[in-house]
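>
Right under this line is the structure:
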């Protein structure tokens, strides 16, 4: 069963596209790990995600969702997964394809040595960081774009590469979709809109250390007769750390 942990706001349906991506990416990494070339411990870092939203109306809340996944390796350092999310009654919700960078434990400790914090002790009583999104700071619209900043504290990274605190890709993606929703509302000042996702592509280029500010910029690609497109970039330390393009269908309340 796939739980719903993050409340939907402007997005229609009991599960958001960002949370659907997070759960299926985890499930997909497990599928890939089950066919790993050997028994060494590995870390899986999602680098690319393609989502096709299959539900043409808001998914019903059938006491949760079910995920299905198959996975494999293109080479020892690159894994992939093909996943599907359905309601408990079998209604298709989304198809999610994920690519991963796969690191052995030894390789991960070398590549991400700059993130290592052996002094951090996981707190089993800590709040689940995935039940609330990060605050969007310095929110500002400029023409057909909207900008904001996010920053993750070590506590916001609980359960994500312990002792290597970094902004989880899923949390970053959720912040980017939320900024898109803000821009959509600003473009339609005469009415409050909700929306149904249609599809999304996401590329992550590097891990962002906890405490580092990430600047988000959402830009409208313009509406078509059936959907509206947006491009969102995430930048930190003078480089782009992630990019996302999303299509959605807005509707009035």
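Numbering (UniProt numbering), first residue to last: 1 to 253. Glycine included, every Cβ here is placed at the ideal spot set by N, Cα and C.
1. What separation, rounded to the nearest whole angstrom, lies between the Cα atoms of residue 58 and residue 1?
2. Please work out which residues of its chain come closer than 7 Å, Cβ to Cβ, to residue 248, disregarding the five sequence neighbours upstream and downstream, and give them in chain order.
3. What residue ranges within the segment 159 to 211 form continuous alpha helix (DSSP H) runs of no fewer than 4 residues, ordered along the chain?
4. Ignoring anything shorter than 3 residues or poking outside the segment 55 to 93, list the beta strand (DSSP E) runs there in chain order.
5. So residue 28 is in the alpha helix (DSSP H); what residue range does that whole segment cover?
6. Take residue 53 and list the residues in its own chain whose beta-carbon comes closer than 7 Å to its own, dropping the five residues that flank it on each side.
7. Do three or more CB pairs link the segment 206 to 217 to the segment 146 to 156 at distances below 8 Å?
8. Where does residue 30 land, buried or exposed, given buried means 16+ other C-beta within 10 angstroms?
9. From the DSSP output, in three-state form, read off residue 155 for me.
10. Could you tell me the alpha carbon to alpha carbon distance between residue 113 and residue 91, rounded to whole angstroms?
11. For a test of the three-state rule: what should DSSP assign to residue 216, helix, strand or coil?
12. Please confirm if the segment 126 to 141 is in contact with the segment 102 to 117, defined as three or more CB-CB distances below 8 Å between the two stretches.
13. At the level of alpha carbons, what is the spacing between residue 236 and residue 13?
14. To the nearest angstrom, report how far apart residue 108 and residue 43 are at their CA atoms.
15. Is the segment 73 to 80 in contact with the segment 23 to 41, if contact means three or more CB pairs nearer than 8 Å?
16. Give a yes or no on contact between the segment 167 to 176 and the segment 135 to 152, applying the rule of three or more CB pairs nearer than 8 Å.
The short version:
1. 19 Å
2. 195, 196, 197, 198, 227 and 228
3. 169 to 187
4. 65 to 75 and 78 to 87
5. 17 to 33
6. 17, 94, 197, 198 and 199
7. Enough Cβ pairs lie closer than 8 Å, so yes.
8. exposed
9. helix
10. 44 Å
11. strand
12. Touching, no, given that fewer than three Cβ pairs across the two stretches are closer than 8 Å.
13. 32 Å
14. 7 Å
15. yes
16. yes
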